[in-house]
Every structure is written in structure tokens, then in C-alpha cells.
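Here's the structure, in C-alpha cells; my notes come after.
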Amino acid sequence: VLRNLHRVIGVSFGLLCVLQAALNICLVKHKYGVRVSHDRNFQMPDDHYPYFQQGWFHFQKSLYYISSVKNTWHLSREYCLQEGADLAVINSRAEQVGLGGGGRNFKMNLWIGLVEQESERTWRWVDGTPLTESLGEPNNHKGNQEDCAEHLDRDGKKGWNDLVCELRNFYMCEKRIFP
Numbered sequence: 021v022l023r024n025l026h027r028v029i030g031v032s033f034g035l036l037c038v039l040q041a042a043l044n045i046c047l048v049k050h051k052y053g054v055r056v057s058h059d060r061n062f063q064m065p066d067d068h069y070p071y072f073q074q075g076w077f078h079f080q081k082s083l084y085y086i087s088s089v090k091n092t093w094h095l096s097r098e099y100c101l102q103e104g105a106d107l108a109v110i111n112s113r114a115e116q117v118g119l120g121g122g123g124r125n126f127k128m129n130l131w132i133g134l135v136e137q138e139s140e141r142t143w144r145w146v147d148g149t150p151l152t153e154s155l156g157e158p159n160n161h162k163g164n165q166e167d168c169a170e171h172l173d174r175d176g177k178k179g180w181n182d183l184v185c186e187l188r189n190f191y192m193c194e195k196r197i198f199p
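Residues are numbered in the working numbering as their position in the sequence shown, beginning at 1, plus a constant of 20.
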């Protein structure tokens, strides 16, 4: 009799776990799959849901992540690459404004994917495209080798700034999810 009771308890517990897992999946799909864009036909691919659980957010054709720890530009990029992303490439003033909108006032400075190419003395994004529209510096302040760029959003300053790459800063990763 006691053996049968243990079996019933074990099977019941197993079924309860399966039910909980199914409920969790349904809640995640409902929360993130209903509408994460202004486009009513937009549906996030199922394989991107885990990113939302890790703190990523959607804007236009990409997912973005804002770090909670500071790192050098190179270590920040390494982290983004390990996540299947890269440091953020900001293609336009509209994207710059949009990333800071929607309740996302970062109030911090963040490494972005803009770096000065030593051999060419030109600024390029991590995807290889050249800088065409600057939203602030770069200027190598006081002759410093400021070869990495940050997104400014603090103390009333917004835009970009160039810094020494070895300084520690928060960072923004971008994962393109649509072409």
C-alpha cells in the first residue's frame, strides 16, 4: 500500500512539473509574441524568446542588450560576439533617438560599435561600414588616443563621444534579427 502511494505521489509530481513547464511556455509566448512592434503582422521568431528573458529588447530590426557591468571596449565586444551579436551599430539619427525613446532613457554612457581604424585613421562601425553621419565627436581630446566611441546619455548630454578603449564603460549589444 505504501509503495503504491509513493508511485501515485511521484507520477502526480511529474505531471505537475510538465503542466508548469507548459504554462510557462504559454505565458512567455503570450507576453512576447502578441505584439512587440507597431506592425500588427510582426511576430518574433520562437528562437528569440530566450533573449527577452535575459533582458534584451526589440527596436526596429534588431534586439539590443544594455550591460549592467562595465568593461573595456574590446572585452565588451567579446561578450557581445559570444552572445551571437556585436556592439551596436547606429545607422541614423532616427535610430539614435529611437533607442533612447520608448521609456529607455539609459542615463548612462555605453560603448557602441564605432572604432577608429589605426591604419586608415578613419572611423568605421564593427560591421565594416564607414561612419557617414556623426552625432557628436570623435575628436581625440587633448591628443589622447581615443579610438573607441560611446553613446552619451547622462548629465544632459546626448550623442557620441570618443574615449580611450581601455577605459571601463557599460555597453550596448545589437543582434540583427531581420535583414
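Glycine included, C-beta positions come from ideal geometry on N, C-alpha and C.
Contact check for residue 109 against residue 147 passes: the beta carbons are separated by less than 7 angstroms. Within the region 75-118, the runs of beta strand (DSSP E) at least 3 residues long that lie entirely inside it are, in chain order, 77-79 and 82-86. Taking C-beta atoms as the reference points, residue 136 and residue 167 count as a pair closer than 7 angstroms. Rounded to whole angstroms, the separation of the alpha carbons of residue 188 and residue 90 is 5 angstroms. In the displayed model, residue 181 falls within a strand according to three-state DSSP. In the displayed model, residue 40 falls within a helix according to three-state DSSP.
Beyond the five residues adjoining it in sequence on each side, residue 142 comes within less than 8 angstroms, by CB distance, of 136, 150 and 151 in the same chain, given in chain order. Ranking 81, 30, 178 and 191 by CA distance to the CA of residue 99 puts 191 first. Straight-line spacing of the CA atoms in residue 97 and residue 134 works out to 11 angstroms. In the DSSP assignment, residue 133 falls within the unbroken beta strand (DSSP E) covering 130-137. In this structure, residue 171 places its C-beta atom within 7 angstroms of the C-beta atom of residue 132.
For residue 166, there is no enclosing beta strand (DSSP E), as DSSP marks it with neither H nor E. Around the beta carbon of residue 114, a 10 Å sphere encloses fewer than 16 other beta carbons of the protein chains shown; the residue is thus reported as exposed. Around the C-beta of residue 82, 16 or more other C-beta atoms lie within 10 Å, and the residue is accordingly described as buried.
Contact between residue 173 and residue 129 is confirmed by a C-beta separation of about 7 angstroms, below the 8 angstroms threshold. DSSP places residue 141 in the coil class of the three-state scheme, outside both helix and strand. For residue 194, the enclosing beta strand (DSSP E) starts and ends at 190-196. For residue 175, DSSP assigns no beta-bridge partner whatsoever.
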